[in-house]
């Protein structure tokens with residue numbers, strides 16, 4: 110719903126490319142992390158016997174979040190505002206991951222720490238800008 114509300118019609122093509130590219134990169138990184146045993150997703154709704162990664166997050170939530178990041182990116186602002194935008198983008202997604210880690214059984218860190226997620230999410234937008 111946020112994509113429909115915030116993506117202008119003239120940027121739908123750009124949003125679509127970002128969404129698909131994010132899915133590819135996220136699938137690769139997510140598969141590596143899960144297959145190496147760093148993170149486990151004990152409760153999975155989709156594709157329980159095929160892929161061990163979090164399908165909903167990696168194919169819908171994170172790509173949509175990156176589309177919003179790119180569409181709303183403050184291109185004409187100073188470097189300080191841009192750095193705050195990157196930090197806010199990363200902090201919000203990691204905040205929800207840590208909440209899910211602590212209060213649900215959706216994510217289980219084995220050989221992983223929240224700051225690894227922070228680093229990978231922080232680096233991800235640099236691929237698109």
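In my numbering, the protein residues as written are 110 to 238. Think of the CB as a built atom: it goes at the ideal place given N, C-alpha and C, for glycine as much as any other residue. None of the values given here were measured: they were computed from a predicted structure.
Tell me where the alpha helix (DSSP H) around residue i begins and ends.
i: residue 226; result: 223-232
i: residue 180; result: 171-180
i: residue 139; result: 121-144
i: residue 203; result: 188-212
On the three-state DSSP scale, how would you describe residue i?
i: residue 218; result: strand
i: residue 114; result: helix
Using 8 Å for Cβ pairs, my map puts residue i next to residue j. What's the rounded Cβ distance?
i: residue 170; j: residue 115; result: Their Cβ separation, rounded to whole angstroms, is 15 Å, which puts residue 170 and residue 115 out of contact at 8 Å.
i: residue 142; j: residue 221; result: 7 Å
i: residue 227; j: residue 203; result: 5 Å
Should residue i be labelled buried (16 or more other beta-carbon atoms within 10 Å of its own) or exposed?
i: residue 234; result: buried
i: residue 135; result: buried
i: residue 230; result: buried
i: residue 168; result: buried
i: residue 128; result: buried
i: residue 126; result: exposed
i: residue 178; result: buried
i: residue 176; result: buried
Going by beta-carbon coordinates alone, are residue i and residue j separated by less than 7 Å?
i: residue 214; j: residue 151; result: yes
i: residue 131; j: residue 172; result: yes
i: residue 194; j: residue 183; result: yes
i: residue 139; j: residue 162; result: yes
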